[in-house]
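Below you'll find the structure, written out as structure tokens, and then a few comments.
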Amino acid sequence: MAFSTLRVISFIIGVFLLILAASMLVPMITLVLMNEQEHLSAFVWGSVITSLVGVAMIAPGRPANSHLRPRDMYLLTTSIWLAVCVFAALPMMFLQHLSYTDAFFETMSGITTTGSTVLTDLGNTSAGILMWRSLLQWMGGIGFVAMGVAILPMLRVGGMRLFQTESSDWGEKVIPRSHIAAKYITVVYLSLTSACTFAYWLAGMSVFDAVNHALSTVSTAGFSTADASLGAFSNASHWVATVFMLLGALPFVLYVAFLRGNVRAMFKDEQVRGFLFATLGISLIASIWLWLNSDYAFLDALRLTTVNIVSVITTTGFAVGDYSQWGGFAFMLFFYLTFMGGCSGSTTGGLKVFRFQVAFTLLRGGLKQLVHPRAVFKQQYNGRHLDEEIVRSILTFSFFFTITIGVLALALTMLGLDPITALTGAATAVCNVGPGLGTVIGPAGNFSSLPDAAKWLLAAGMLLGRLEIITVIVLLTPTFWRH
């Protein structure tokens with residue numbers, strides 16, 4: 072790889088570090104408003120260090136007549152996420168006196184919108200740290216992508232390539248120019264966050280809790296300000312979370328299409344319809360099962376199962392109670408739902424609904440071909456022909472997705488973790504869900520007791536899952552680094 076290319080990448084990373092340093096003003100303002108000025112120094116020093124490194128990276132300037140190729144975007148995307156995690160962890164380490172391992176794990180969990188945590192006693196945790204965690208999740212959801220789509224064209228880099236390498240969206244572009252796409256995406260993201268904040272406040276949360284949970288909900292991330300997660304708040308807040316988790320799991324490009332006048336885009340999309348029908352159907356079935364097998368009234372069973380199922384399907388990670396204790400059926404159901412995910416082009420992780428739909432389409436076509444060997448069947452999804460490139464990319468991702476979870480789970484058992492913790496921990500990291508299952512990392516537990524080596528492995532799994540695995544794995548091939 073040419074030195075000029077590395078110079079360009081270093082310059083762009085420096086720009087993102089300056090944005091990160093500036094964003095630390097938000098928890099600083101929070102500390103002032105919450106009368107916790109004694110904690111300001113942690114964010115001041117974190118911002119200063121991050122700014123100095125950012126300035127040092129942009130000081131040499133951007134090489135003239137140097138452009139990034141499409142393949143270079145894979146290195147740029149991965150490097151941005153790693154660099155942001157490295158420096159975003161500093162305030163947590165300074166203020167909470169965490170080891171750098173714990174601080175990095177918490178930060179990676181936030182930026183990748185995973186929601187796994189090593190922090191305990193959140194009720195007595197600094198308001199600045201709580202806001203910083205939530206803000207990192209919000210920026211990691213769509214914020215960094217929107218900023219990249221807006222900024223990179225100014226640096227003569229294709230901004231939409233960042234969106235495509237960071238997400239699984241392979242649909243047609245609804246807007247021809249990247250900066251216009253960034254503007255619309257940002258408007259949608261801010262509007263959903265504002266509406267969610269107001270709804271939480273109406274549901275009885277304080278302004279501070281409402282803002283934090285809105286940042287975590289719309290980004291489908293899952294950090295809370297209470298150890299009991301949403302279980303510490305009113306029943307009305309559970310329904311608010313359910314609605315906005317679903318909205319955050321829909322494709323943002325379709326929101327953009329809606330704003331540009333295509334009001335039927337969202338309702339005509341096969342992925343959206345499949346996602347909503349599957350979520351509602353599973354929630355109803357699980358609600359009836361819980362109602363019949365517990366002492367809950369039907370409405371309580373409906374609320375508990377719906378908010379938890381939507382949280383897991385959308386890879387948000389909020390929890391209301393310990394659903395892993397509901398019985399064997401619930402345990403297996405939530406484990407399966409860990410892999411599902413929301414729609415492509417949203418803030419969610421997991422396999423994404425469209426891959427299941429395409430697999431079903433291919434299976435149905437294959438069965439028809441067995442019955443009618445000479446017939447020619449036209450296989451389509453969402454009005455588009457399923458060409459070989461789409462099928463190959465889905466198969467490749469699904470294979471590496473499964474292998475990654477398997478290898479990560481095996482490595483965790485080598486570190487002494489029990490099989491349930493290892494398997495569900497690997498799955499929840501790669502799928503960016505948050506809580507695993509079992510007594511250690513389940514909805515009622517956290518990741519603080521895991522050995523440091525396990526936390527680094529899980530952090531790597533979070534990054535792989537957030538960047539759709541292939542983006543990172545391609546960097547490990549000798550072919551990528553050849554001139």
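In this note's numbering, the protein residues as written are 72 to 554.
We put the CB at the ideal spot given by N, CA and C, even for glycine.
Let me confirm a value: residue 511 is counted as buried when at least 16 other C-beta atoms fall within 10 Å, else exposed. Which label applies? Buried.
Straight-line gap, residue 212 to residue 417 (C-alpha atoms, nearest Å): Distance between the alpha carbons of residue 212 and residue 417: 8 Å.
Along the chain, where does the alpha helix (DSSP H) containing residue 314 start, and where does it finish? Start and end: 306-319.
Would you mind giving the Cβ-Cβ distance between residue 316 and residue 533, rounded to the nearest angstrom? I have them listed as a contact below 8 Å. Not really, about 19 Å apart at Cβ, beyond 8 Å.
Can residue 189 and residue 169 be called in contact, C-beta distance under 9 Å? In this structure, residue 189 sits near residue 169, with a CB-CB distance shorter than 9 Å.
Where the alpha helix (DSSP H) containing residue 379 begins and where it ends: Here the alpha helix (DSSP H) through residue 379 covers 369-384.
Given residue 276, which residues of its chain have a CB within under 7 Å of its CB, disregarding the five upstream and five downstream residues? Sequence-distant partners of residue 276 (beyond 5 residues in either direction) whose C-beta falls short of 7 Å from its own C-beta, in its chain, are 284, 304, 308.
With DSSP as the reference, label residue 78 as helix, strand or coil. Looking at residue 78 - three-state DSSP - the assignment turns out to be helix.
Environment of residue 322 [buried if 16+ CB atoms lie within 10 Å]: So residue 322 ends up on the buried side.
Excluding five sequence neighbours on each side, which residues of the same chain lie with their C-beta closer than 8 Å to the C-beta of residue 330? 255, 258, 259, listed in sequence order.
Residue 225 (DSSP reduced to helix, strand or coil): Low confidence applies to residue 225: its pLDDT is 46, below 50, so where it sits in the model is not reliable, and the reading given next is rough at best. Helix.
DSSP state of residue 426 mapped onto helix, strand, coil: In the structure shown, residue 426 sits in a helix (DSSP, three-state: H, G or I).
Same chain only: Cβ atoms within 8 Å of residue 535, ignoring 5 sequence neighbours per side: Residues 475, 501, 543, 544 of the same chain have their beta carbon placed closer than 8 Å to that of residue 535, with the five preceding and five following residues left out of the count.
Proximal residues to residue 402 (C-beta, below 6 Å), its chain only, five neighbours per side dropped: The residues are 395.
Which same chain residues, not among the five before or five after residue 465, have their C-beta less than 7 Å away from its C-beta? Around residue 465: 426, 429.
Decide if residue 539 is buried, meaning its Cβ has at least 16 other Cβ atoms within 10 Å, or exposed. So residue 539 counts as buried.
As an exercise, report each continuous alpha helix (DSSP H) stretch of at least 4 residues that is fully enclosed by the stretch 80-148, in chain order. Within the stretch 80-148, the alpha helix (DSSP H) runs of at least 4 residues that lie entirely inside it are, in chain order, 96-104, 111-129.
Neighbour-count burial assignment, residue 204, 16 or more Cβ in a 10 Å radius: Buried, since its Cβ has 16 or more Cβ neighbours within 10 Å.
Going straight from the alpha carbon of residue 412 to that of residue 100, what length do you get? When the Cα atoms are used, residue 412 and residue 100 turn out to be separated by approximately 35 Å.
When DSSP labels each residue in this structure, what does residue 450 get in the three-state scheme? Note: residue 450 maps to coil in three-state DSSP.
Secondary structure at residue 284, three-state DSSP: helix, strand or coil? Residue 284 falls in the helix class under three-state DSSP.
Closest residue to residue 300 among 192, 118, 252 (Cα-Cα distance): Comparing Cα-Cα distances from residue 300 to each of 192, 118, 252, the minimum goes to 192.
Which residue marks the beginning of the alpha helix (DSSP H) containing residue 405, and which one marks its end? Segment 399-408, the alpha helix (DSSP H) holding residue 405.
Measure the alpha-carbon distance for residue 102 versus residue 327 and round it to whole angstroms. In this structure, the straight-line span from the alpha carbon of residue 102 to that of residue 327 is close to 35 Å.
Determine the burial state of residue 485: buried for a count of at least 16 other Cβ atoms within 10 Å of its Cβ, exposed for fewer. Only exposed fits residue 485, as fewer than 16 other CB atoms lie within 10 angstroms of its CB.
Just to confirm, are residue 312 and residue 381 a CB contact at a threshold of 9 Å? For the 9 Å CB-CB criterion, residue 312 and residue 381 form a contact.
Sheet register partners of residue 168 (DSSP bridge): According to DSSP, residue 168 bridges with nothing at all.
Just mark residue 489 as buried or exposed, buried being the case when its beta carbon has 16 or more other beta carbons within 10 Å. It counts as exposed.
Should residue 119 be labelled buried (16 or more other beta-carbon atoms within 10 Å of its own) or exposed? Result: exposed.
Residues near residue 46 by beta carbon distance below 7 Å, same chain, minus five either side: Coverage of the chain is limited to positions 72 through 554, which leaves residue 46 absent and any answer about it impossible.
Note down the Cα distance separating residue 108 from residue 196, rounded to an integer number of angstroms. Straight through space, the alpha carbons of residue 196 and residue 108 are spaced by roughly 14 Å.
Pick from 339, 376, 363: whose alpha carbon is nearest that of residue 354? Of the listed residues, the one whose Cα sits closest to residue 354 is 376.
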